[in-house]
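K.L.:
Heads up, the sequence shown is in numbering that gives the first Met the number 0, so the first residue is 0 and it goes up one at a time.
Every residue gets a Cβ at the ideal spot worked out from N, C-alpha and C, and that includes glycine.
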Amino acid sequence: MAVMDEFREEREKIRTASAKEKWKYFTDYYLVWTLIGLAVMTVSIAFLYSVLSQKEDALYVSLVNFAPLDSAENRVEKAFSELALDDIRHSKITIDTSESIVAGMREDDMEQEKADDPSLSEIMKYSYEDEQKLATLAMTGSMDMMITGEDVFMKYAMQEYIVGLDQVMDSERLKQYEDAGRVLYIDKKPVGICMDDAVLLKENYVYDGKGSPSIYAGFVIGAAHTEMALRFIQFLESGN
């Protein structure tokens with residue numbers, strides 16, 4: 000009973016206290032816990048929002064040594080997303096043009112180039128970093144397809160980051176590309192599809208790599224969205 004009496008007495012004091020006294024009582028006993036509760040609730044809401052609003056990857060394509068014209072990157076992503084995705088609220092298409100790689104240059108030629116152009120050392124540094132990024136994307140299964148010039152493409156195909164076309168498409172579809180003379184072989188293994196005449200690729204991107212007379216698309220090891228990647232090739236070729 001003594002505890003209940005003290006509780007009633009405390010409630011009566013609060014009820015009859017002035018506004019200033021009530022505020023002091025609140026800050027003394029409840030403010031800290033109220034702030035902690037609000038902080039926990041804010042963090043919980045932010046976490047739930049990030050989880051619920053996170054989009055699932057439907058396709059990840061690296062356009063190596065390409066630069067988008069104007070806002071082409073977003074425009075192509077948006078157009079293909081609307082065409083290929085059933086629900087753009089929860090799935091996303093990524094077209095990455097951030098990688099720039101130097102390939103096909105002999106070591107002695109590279110040293111001479113560095114002597115003639117000191118900025119090449121910085122370029123090679125970024126090239127190495129981008130090579131590491133692509134390798135990480137490939138090894139973690141985060142990238143589905145690479146589109147780039149023949150020199151860079153051969154570099155990654157020889158390192159077996161690119162799988163055979165016969166592993167990602169049926170024989171009939173592969174034969175269509177072969178009959179059109181668009182297949183790149185390495186040791187009799189079909190690895191790349193020539194994209195020189197891809198309309199949307201030429202209209203929206205410029206290739207800034209050196210050498211490389213031809214552009215190829217290839218499927219990366221561990222690619223999870225090969226059918227979507229094949230559809231993207233068709234999209235670049237015809238716009239639908």
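Got a sec? Which residues, its chain only, sit under 7 Å from GLY163 by beta carbon, not counting five neighbours each side?
P.N.:
Answer for GLY163: LYS188, PRO189, VAL190, listed in chain order.
K.L.:
Measure the C-alpha to C-alpha separation of LEU51 and ASP86 and round it to an integer number of angstroms.
P.N.:
Only weak support is given to the placement of LEU51: the predicted model assigns it a pLDDT of 45, under 50, and the value that follows is read from those uncertain coordinates. Taking the straight line from one Cα to the other gives about 14 Å.
K.L.:
DSSP on ASP55, reduced to helix/strand/coil?
P.N.:
The sequence shown places Glu at residue 55, rather than the Asp named in the question. GLU55: strand per DSSP, three-state reduction.
K.L.:
Going by beta-carbon coordinates alone, are LYS84 and ASN203 separated by less than 7 Å?
P.N.:
A small correction: the amino acid at residue 84 is Leu; Lys does not occupy that position in the sequence shown. No, the pair does not count as a contact, with Cβ atoms beyond the cut-off.
K.L.:
Roughly how many angstroms separate the alpha carbons of ILE35 and ASP95, rounded to a whole number?
P.N.:
In a straight line, the C-alpha of ILE35 is about 41 Å away from that of ASP95.
K.L.:
To the nearest angstrom, how far is the alpha carbon of ASN73 from that of GLU159?
P.N.:
Approximately 30 Å, taken between the alpha carbons.
K.L.:
Which residues bound the alpha helix (DSSP H) around ALA156?
P.N.:
Looking at the DSSP string, the run of the alpha helix (DSSP H) that includes ALA156 is 149-157.
K.L.:
Exposed or buried, what is MET144 when buried is set at 16 or more other beta-carbons lying within 10 Å of its beta-carbon?
P.N.:
Buried: at least 16 other Cβ atoms inside 10 Å.
K.L.:
Which same chain residues, not among the five before or five after ALA156, have their C-beta less than 6 Å away from its C-beta?
P.N.:
Around ALA156: ILE185, VAL190.
K.L.:
Taking the straight line between their C-alpha atoms, what separation do you get for ALA78 and LYS132?
P.N.:
So the alpha carbons of these two residues sit roughly 27 Å apart.
K.L.:
Could you work out which residue in SER80, ALA102, SER90, SER17 is closest to ASP207 when comparing CA atoms only?
P.N.:
That would be ALA102, whose Cα lies nearest to the Cα of ASP207.
K.L.:
Under 7 Å between the Cβ atoms of GLU149 and SER213?
P.N.:
Yes, they are a contact pair.
K.L.:
Rounding to the nearest angstrom, what Cα-Cα distance links VAL63 and GLU98 in this structure?
P.N.:
Approximately 5 Å, taken between the alpha carbons.
K.L.:
Using the Cβ count rule (16 or more neighbours within 10 Å means buried), how would you classify ALA179?
P.N.:
ALA179 is exposed by the Cβ-count criterion.
K.L.:
DSSP puts LYS85 in a beta bridge; with which residues?
P.N.:
Lys is not the amino acid found at residue 85; the sequence shown has Asp there. None; ASP85 has no bridge partner.
K.L.:
Does the Cβ of GLY238 have 16 or more other Cβ atoms within 10 Å, making it buried, or fewer, making it exposed?
P.N.:
Exposed, since its Cβ has fewer than 16 Cβ neighbours within 10 Å.
K.L.:
Return the CA-CA distance between ARG181 and GLY217, expressed in angstroms with no decimal places.
P.N.:
So the two alpha carbons sit approximately 12 Å from each other.
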